[in-house]
Amino acid sequence: MSNGPAWFKSSYSSNEGGECVEISTTRDAVHVRDSADPQGPQLAFTAAAWSDFLLGVRG
1 MSNGPAWFKS
11 SYSSNEGGEC
21 VEISTTRDAV
31 HVRDSADPQG
41 PQLAFTAAAW
51 SDFLLGVRG
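Going by the UniProt record's numbering, the sequence shown opens with residue 1, and the numbers climb by one from there.
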């Protein structure tokens with residue numbers, strides 16, 4: 001059993017190309033990583049910044 005955060009990939013992503021991002025939420029932040037490199041770098045956003053990002057990409 002893992003003690004790390006649970007990571008989620010969009011249901012719009014396919015499992016074929018590995019060209020996906022995954023997100024994980026904690027109390028303090030939303031973390032984003034490349035699904036093809038799960039041990040690689042991560043981006044961390046505050047909840048407010050993540051909300052602003054989603055509003056921007058959804059138009």
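Yeah, the Cβ is synthetic: ideal placement off N, Cα and C, and Gly gets one too.
{"Query": "C-beta atoms of S24 and A47 nearer than 8 angstroms", "Result": "no"}
{"Query": "Residues that F8 bridges to, as DSSP identifies them", "Result": "I23"}
{"Query": "DSSP beta-bridge partners of Q42", "Result": "R33"}
{"Query": "First through last residue of the alpha helix (DSSP H) which encompasses S51", "Result": "A47 to R58"}
{"Query": "Close beta carbons around R33, own chain, < 6 angstroms, minus the five adjacent residues each side", "Result": "E22 and Q42"}
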